[in-house]
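Engineer: Have a look at this one before I ask anything.
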Amino acid sequence: MDAAQNETRRAPRDGAGLIVRILHCIPSMGGGGAERQLAYLAPHQQRNGLDVHVALLTGGPHLATLIDGGVTVHHVASRGNYDALVALRLLRITRRVRPDVVQTWMTQMDVFGGVAASIAGRPWIVCERSSEAAHPAILKNRLRVTLARKARAIVSNSKGGDDYWRTRAGAKTLRRVIPNAVPFDAIDAVPPIDDGDDRPVILYVGRFSIEKNLPATIEALRQTVAAVDARIVLCGEGPLRDEVVAAVAAAGLTDRVLMPGFVSNVWSWMKRAAVLVAAGWFEGNPNAVLEAIACGCPVVVSDIPSHRELLDETSARFAGPESATEIAGALIATLRDRDDAATRAARARKIIETRSIEAIAEQYTALYRELTAPAEGAV
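For this note's numbering, add 6 to where a residue sits in the sequence shown, where the first one is 1.
This is the structure in structure tokens:
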């Protein structure tokens with residue numbers, strides 16, 4: 007008996023008696039939303055009887071969570087984002103691990119991991135983390151769509167993501183919407199940060215990238231602190247960090263703004279903040295907004311479909327992303343009427359309370375069972 011056969015025989019079985027070994031493929035365990043979601047999902051799956059493997063190219067701040075959670079991690083050598091040998095290396099891992107399901111995260115792994123899963127003959131799930139605006143018709147996105155027609159399922163974390171695949175998925179490809187998980191128990195256990203300052207905090211959490219609409223956000227922040235004495239905390243990293251630093255300086259906000267980079271204790275800041283601003287042009291199912299809501303932090307969000315899918319006028323304040331003045335107006339109203347802000351925040355928390363890690367993991371497990379169930383009539 008070879009090693010792979012021995013691994014399969016030892017694999018745990020789920021409640022339906024089926025072996026379910028999952029191979030997640032993701033470029034890294036960096037600080038992004040997809041990486042954060044996998045850090046919640048994979049250890050929980052491992053604890054609940056699945057045999058969970060993660061193949062990745064590089065580590066990141068969430069890697070330790072996988073390792074501590076008992077997940078088997080496979081490091082894949084890569085010379086860059088377009089190294090075609092990654093697909094061959096993933097194929098070798100797939101053949102060795104012999105997963106019941108391969109689940110790919112982010113475009114790079116949807117391509118390379120999808121090729122490996124298809125050649126190895128393994129059921130493959132594509133994870134859609136955004137919406138149509140995130141996928142311009144460039145070569146890599148067209149290739150992703152072509153390959154994804156061979157996927158057994160496409161899981162989107164929002165209606166907008168599912169709408170993108172409505173006319174693009176293969177005829178036999180299942181489509182499901184499974185929203186992002188929220189770690190309520192862990193969030194509830196975290197105290198607010200003690201920063202030694204009584205002024206209200208306006209908080210931004212996310213990548214410094216073009217879709218986050220940071221120029222308008224910074225102008226809105228300038229207008230807001232001209233009307234209300236507040237501090238600003240911008241948590242995150244990304245390709246536009248230098249531009250953000252320059253825009254903050256140009257707006258005369260340097261003395262008001264703290265930019266701590268990637269923050270592992272961001273929930274403490276969310277519990278300290280008087281408002282979180284998320285004024286991006288497009289989203290999928292935004293982690294920062296969900297987790298701020300779980301922390302009881304009022305939110306000002308851009309008036310875009312993904313935010314409207316999640317919230318309404320009684321649970322958040324909306325502003326057009328094209329208007330810094332509208333964003334500022336929503337921030338000022340939130341800071342000036344703290345009782346109304348608290349009421350909206352409580353309503354928002356009620357809306358998302360069904361999105362625990364346990365509940366979302368069970369939705370994935372149900373899909374795995376569907377994909378691995380013996381065909382009707384099979385012996």
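The C-beta atom is built at its ideal place from N, Cα and C for all residues, glycine as well.
Could you work out which residue in C133, P197, V151 is closest to V161 when comparing CA atoms only?
Structural biologist: With distances taken between Cα atoms, V161 lies closest to C133.
Engineer: For T320, which residues of its own chain have a beta-carbon under 7 Å away from its beta-carbon, when the five flanking residues on both sides are left out?
Structural biologist: Cβ within range, chain order: R350, R353.
Engineer: Put R15 into one of helix, strand or coil per three-state DSSP.
Structural biologist: Its pLDDT being 33, under 50, R15 is placed unreliably in this model, and the coordinates cannot settle the point.
Engineer: Put F324 into one of helix, strand or coil per three-state DSSP.
Structural biologist: In this structure, F324 counts as strand in the three-state DSSP scheme.
Engineer: A159 lies in the beta strand (DSSP E); which residues open and close that run?
Structural biologist: Counting along the chain, the beta strand (DSSP E) containing A159 begins and ends at 159 to 162.
Engineer: Note down, in chain order, each residue of its chain lying with its Cβ closer than 8 Å to the Cβ of A365, except the 5 sequence neighbours on either side.
Structural biologist: Here the set comprises A187.
Engineer: According to DSSP, simplified to helix, strand and coil, what is E332?
Structural biologist: Helix.
Engineer: Any contact between the segment 254 to 266 and the segment 310 to 318? By contact I mean 3 or more CB pairs, one from each, below 8 Å.
Structural biologist: No contact exists between the segment 254 to 266 and the segment 310 to 318.
Engineer: Looking only at its own chain, which residues have a Cβ that is under 7 Å from the Cβ of I338, when we skip the five neighbours before and after it?
Structural biologist: The residues are T230, A233, V234.
Engineer: Below 8 Å between beta carbons: does that hold for G242 and V211?
Structural biologist: Contact: yes.
Engineer: Just tell me which of E368, F288, P206 has its CA closest to the CA of R342.
Structural biologist: Selected option, being the one with the closest Cα: P206.
Engineer: If you draw a straight line from the alpha carbon of W275 to that of P198, how long is it in whole angstroms?
Structural biologist: Their Cα atoms are separated by approximately 6 Å.
Engineer: For A347, count the other beta carbons within 10 Å of its own beta carbon; 16 or more makes it buried, fewer makes it exposed. Which is it?
Structural biologist: The residue in question, A347, is buried, as its Cβ has 16 or more Cβ neighbours within 10 Å.
Engineer: May I ask which residues mark the beginning and end of the beta strand (DSSP E) holding L134?
Structural biologist: As written in the sequence, residue 134 is Glu, which differs from the Leu given in the question. It spans 130 to 134 - the beta strand (DSSP E) in which E134 sits, taken as one unbroken run.
Engineer: Mapping DSSP to helix, strand and coil, what is Y210?
Structural biologist: If DSSP states are grouped into helix, strand and coil, Y210 belongs with the strands.
Engineer: Which of the three DSSP states is assigned to M265 in this structure?
Structural biologist: Reduced to three states, the DSSP call for M265 is strand.
Engineer: Below 8 Å on the Cβ atoms is my guess for W111 versus L180; work out the distance and round it to an integer in Å.
Structural biologist: That pair is no contact at about 18 Å.
Engineer: Ends of the alpha helix (DSSP H) at S137?
Structural biologist: No alpha helix (DSSP H) contains S137, which DSSP labels as neither H nor E.
Engineer: Between the Cα of G166 and the Cα atoms of E328, R314, E249, which residue gives the shortest distance?
Structural biologist: It is R314.
Engineer: Measure from the alpha carbon of P129 to the alpha carbon of each residue in L145, R101, A322, R158, then state which is nearest.
Structural biologist: Among L145, R101, A322, R158, the Cα nearest to that of P129 belongs to R158.
Engineer: Taking buried to mean at least 16 other C-beta atoms within 10 Å of its own C-beta, is Y88 buried or exposed?
Structural biologist: Exposed.
Engineer: Can you tell me whether S308 is helix, strand or coil according to DSSP?
Structural biologist: Three-state DSSP puts S308 in a strand.
Engineer: Starting from D57, follow its DSSP beta bridges and name the residues at the other end.
Structural biologist: Its beta-bridge partners are R27.
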